[in-house]
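Here the structure comes first, spelled out in structure tokens, and everything after it is commentary.
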Amino acid sequence: MGMVNSHPNIIQFYGVTKLEGEINYSLVLEYADGGTLRKYLNDNTITFKWENQLKFAKEIASAISWLHVDKRIIHGDLHSKNILIHRHTIKLADFGRSYLQGSDSYTKACGVIPYMDPIFFNTAESYILTRKSDIYSLGIVFWELTSHSSPFDFETKNDLFEINQIKFDILNGMREDPIPDTNYKFVALYKKCWKYEPGERPNIHQVISELNSIDPIDSEKSNESNNFNSVTFSNVALQLNKGETTEKSDNEESDSPSCEDCDITSDKYQI
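Structure follows, in structure tokens:
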């Protein structure tokens with residue numbers, strides 16, 4: 001955790017503690033007053049405008065860039081319940097499925113289905129989690145910023161047939177429809193991020209460059225270029241940040257579906 005502890009858009013880890021009467025230890029983390037991004041989007045449907053949507057997109061991308069480029073870490077479980085908000089600023093959290101790039105071990109397919117790299121759904125293929133898996137998840141989160149909705153209304157799905165059908169449809173190319181009047185360059189960006197083939201997805205440098213070219217004021221403004229071949233790579237300025245603290249028990253129930261619940265090899269998620 002200490003390796004991912006020095007970026008303003010990543011939740012800060014301060015240590016561990018053991019509360020009186022408790023058996024397990026608790027993590028002491030930076031306080032996040034806005035809860036999860038999913039909750040924030042639910043609570044701010046009317047007031048969460050394009051300028052702030054783009055700001056959040058840039059902050060999430062900045063955190064991912066720092067992981068991928070500076071620390072060579074793959075997050076591995078990016079979704080809107082693993083992204084926290086503090087003082088209207090993004091705080092990327094939950095690194096329980098993260099690991100260093102270059103690992104040659106094949107990754108067990110797990111996570112929240114709409115955000116997972118669809119290659120994992122193809123049981124005929126063995127697949128190593130890569131940075132492009134995070135990019136796929138990033139594309140889904142970008143769509144979610146503009147829709148304020150859970151992708152494929154997944155939060156409401158309890159029927160196993162519906163869940164399996166979503167997984168099957170994603171594997172076969174189904175994606176969410178863009179929200180009307182969304183900036184077309186932003187739409188083109190997240191559509192490229194959620195391509196099936198990892199090699200067709202942009203890297204995080206390209207994502208940031210394209211985000212920086214998008215007008216933050218007018219969500220519908222036509223921009224001159226939508227060609228990823230013409231983007232200029234740019235670095236993200238990183239700053240250190242200190243914050244308040246909160247405690248999180250290592251056995252605390254998360255409001256995100258567990259990895260095991262979304263294991264595509266389980267009976268619950270068989271295609």
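Using UniProt numbering, you'd call the opening residue of the sequence shown number 1 and step up by one each time. Glycine included, each C-beta is placed from N, C-alpha and C at the ideal position.
Range covered by the beta strand (DSSP E) that runs through residue i
i, result
"residue 13", "13–17"
Close-in-space but distant-in-sequence residues of the same chain around residue i (CB under 7 Å, 5 per side omitted)
i, result
"residue 175", "194"
"residue 78", "115, 134, 137, 138, 141"
"residue 118", "170, 171, 196"
"residue 53", "145, 146"
"residue 179", "146, 147"
"residue 56", "90, 145"
"residue 250", "Note that residue 250 scores a pLDDT of 41, beneath 50, so its modelled location is shaky; the value from the coordinates is reported in the next line. Excluding positions up to five away in sequence, the list reads 24, 25, 26, 27."
"residue 45", "148"
"residue 214", "54, 183, 185, 186, 223"
For residue i, three-class secondary structure by DSSP
i, result
"residue 86", "strand"
"residue 91", "strand"
"residue 78", "coil"
"residue 30", "strand"
"residue 113", "helix"
"residue 128", "coil"
"residue 119", "helix"
Cβ neighbours of residue i in the same chain (closer than 6 Å, five flanking residues each side left out)
i, result
"residue 51", "216"
"residue 278", "Coverage of the chain is limited to positions 1 through 271, which leaves residue 278 absent and any answer about it impossible."
"residue 143", "176, 190"
"residue 192", "202"
"residue 154", "114"
"residue 93", "11, 82, 84"
"residue 33", "86"
"residue 41", "148"
Neighbourhood of residue i by C-beta distance below 8 Å, restricted to the same chain and skipping five residues each side
i, result
"residue 157", "163, 166"
"residue 173", "196"
"residue 151", "114, 115, 140, 143, 144, 176"
"residue 218", "50, 183"
"residue 88", "34, 52"
Residue interval of the alpha helix (DSSP H) (run including residue i)
i, result
"residue 143", "131–147"
"residue 38", "37–43"
"residue 167", "160–171"
"residue 54", "50–65"
Cβ-heavy atom distance, residue i to the ligand GTP, below 8 Å
i, result
"residue 93", "This structure does not include the ligand GTP; it has no bound ligands of any sort."
9 Å Cβ cutoff, residue i in contact with chain B
i, result
"residue 75", "Although the question refers to chain B, the structure presented lacks it and comprises just one protein chain."
Exercise. At a cut of 8 Å, does the stretch 56–63 reach the stretch 110–118 through at least three beta carbon pairs?
Worked result: no
For this session: Determine contact between the stretch 77–94 and the stretch 28–38, defined as no fewer than three beta-carbon pairs at a distance below 8 Å.
Result: yes
For this session: Could you tell me which uninterrupted beta strand (DSSP E) segments, each at least 3 residues in length, are contained entirely in the stretch 173–220, listed from first to last along the chain?
Result: none
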